[in-house]
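One rule links them: number in the working numbering = place in the sequence shown (from 1) + 16.
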Amino acid sequence: MVDEPVRPLQDQFAHRFGDPPAHYEPTTGNETLAYLAGRSSHRRYSARPVDAALIETLSAAALCAPTKSDLQQRDIVSVQDPSLRNKINGLFPESSWIAKAPAFLIFCGNNRRQRQIHQWRGRPFVNDHLDAFFNAAVDAAIVLATFVVAVERAGLGCCPISAVRNHAEQISGLLGLPDHVFPVAGLTLGWPEGESEVSPRLPLAVTLHTDRFSEQGLRDHMDAYDARRAALQPISKQRFAGEEGYADVTPYTWSEDKARQYSKPERVDFGAFIRSKGFTLD
Ligand SMILES: Cc1cc2nc3c(=O)[nH]c(=O)nc-3n(C[C@H](O)[C@H](O)[C@H](O)COP(=O)(O)O)c2cc1C
Numbered sequence: 017m018v019d020e021p022v023r024p025l026q027d028q029f030a031h032r033f034g035d036p037p038a039h040y041e042p043t044t045g046n047e048t049l050a051y052l053a054g055r056s057s058h059r060r061y062s063a064r065p066v067d068a069a070l071i072e073t074l075s076a077a078a079l080c081a082p083t084k085s086d087l088q089q090r091d092i093v094s095v096q097d098p099s100l101r102n103k104i105n106g107l108f109p110e111s112s113w114i115a116k117a118p119a120f121l122i123f124c125g126n127n128r129r130q131r132q133i134h135q136w137r138g139r140p141f142v143n144d145h146l147d148a149f150f151n152a153a154v155d156a157a158i159v160l161a162t163f164v165v166a167v168e169r170a171g172l173g174c175c176p177i178s179a180v181r182n183h184a185e186q187i188s189g190l191l192g193l194p195d196h197v198f199p200v201a202g203l204t205l206g207w208p209e210g211e212s213e214v215s216p217r218l219p220l221a222v223t224l225h226t227d228r229f230s231e232q233g234l235r236d237h238m239d240a241y242d243a244r245r246a247a248l249q250p251i252s253k254q255r256f257a258g259e260e261g262y263a264d265v266t267p268y269t270w271s272e273d274k275a276r277q278y279s280k281p282e283r284v285d286f287g288a289f290i291r292s293k294g295f296t297l298d
């Protein structure tokens, strides 16, 4: 096997963003930056199982992530029982690759422990509003992102699965999630099979602001991104192809795909589910 040539960091960022950041060579940490610049999600895995001890180690690393006010309002559920896994797989018939992943985890927000602590310490919990939900959701997302980094650095591959929220009620029932504990995302995990593509990101001109939020030149930047993305990573299947109002278009761009995605209702019952878990969201 011939080793891939290592691409300089600036080349990697140029591929990712089109407009690379100003050239700056940190004295340490280049390896981490180069990994981040070249990382990607993996949806194809070899049959090699992922040892439960490795999952525990990766989870431990992820749970070292920063957490709001040291409150630690997030948990990971590692799905080990084959019959439970089968039931979860059955929720995603349209994504058969999920069932083929050797391992599956679910990242949850957990505002329950905080409320339990209040009971045990005899102090009222007087912050029963949107922020209680938001803090736990953000903490879970940070652990998810850190888990992804730990996984990819260890040579495995993974893909977060927000589609678990399409079935929040069922997932919650299957995992026995009590009040104030809710699924944020699942994650498929395994040893990668084949390469996965580095996905171009919106240019820094659009997503990195200095001092003041700016949308200067946004439409032009978006058009250029659509063109660059279509050239580098064309979307092979047009969303809702063949359905009324979704005639095939050329070029089929990232922004067309995203506009199609949210032109149909998705997870409209999620707010009701979260309220059913005891959150007020006011
Ligand atoms: C919170 C979250 C939820 C996601 N949910 C799904 C999902 O349900 N199905 C899927 O195929 N990919 C999912 N992804 C993966 C994204 O599609 C992927 O990160 C994005 O296309 C960018 O590709 P990259 O990670 O390779 O850079 C999710 C990613 C995140 C961060």
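Positions of the beta carbon are idealized from the N, C-alpha and C atoms, including for glycine.
- Contact fails between the region 77 to 85 and the region 20 to 39, because fewer than three Cβ pairs, one in each stretch, are under 8 angstroms apart.
- As the crow flies, the alpha-carbon of Y241 is around 10 angstroms from that of L234.
- Not one heavy atom of ligand 1 is found less than 8 angstroms from the C-beta of A117.
- Rounded to whole angstroms, the separation of the alpha carbons of I133 and D91 is 16 angstroms.
- DSSP lists F123 as the bridge partner or partners of I92.
- For P199 against I187, the beta-carbon gap comes to about 5 angstroms, under 8 angstroms, which counts as contact.
- Excluding the 5 residues flanking it on each side, L248 has same chain C-beta neighbours closer than 8 angstroms at H31, P216, in chain order.
- Of the residues A161, G171, L218, the one whose Cα lies closest to the Cα of S178 is A161.
- Secondary structure at Y61: strand, using DSSP grouped into helix, strand and coil.
- Distance check between A201 and each of L146, A153, V167 places A153 closest, using alpha-carbon atoms only.
- Shown here, F286 sits in a helix according to DSSP, grouped into three states.
- A119 sits close to L205, with the two beta carbons spaced by under 9 angstroms.
- Each of Y61, N127, F150 was checked against the Cα of S112, and the nearest Cα belongs to Y61.
- Residue state for G206 is assigned as strand, using DSSP reduced to three classes.
- For G189, the enclosing alpha helix (DSSP H) stretches over residues 184 to 191.
- Taking all protein chains shown into account, A148 has 16 or more neighbouring C-beta atoms within 10 Å of its C-beta and is therefore buried.
- DSSP lists no beta-bridge partner residue for F163.
- The chain-ordered list of residues whose CB is nearer than 6 angstroms to some heavy atom of ligand 1 reads S56, S57, C175, P176, I177, S178, A179, A201, S215.
- The bridge partners DSSP lists for V197 are N126.
- For I251, no alpha helix (DSSP H) run applies, since DSSP gives it neither H nor E.
- In terms of Cβ geometry, V197 and S57 do not form a close pair [threshold 9 angstroms].
- Here the alpha carbon of P208 sits roughly 34 angstroms from the alpha carbon of H237.
- Distances from the alpha-carbon of R64 to those of K116, R128, L49 put K116 closest.
- Rounded to whole angstroms, the Cβ separation of Q89 and N126 is 5 angstroms, and the two are in contact under 8 angstroms.
- Sixteen is the threshold: when 16 or more other Cβ atoms of the shown chains lie within 10 Å of the Cβ of R128, as they do, the residue is buried.
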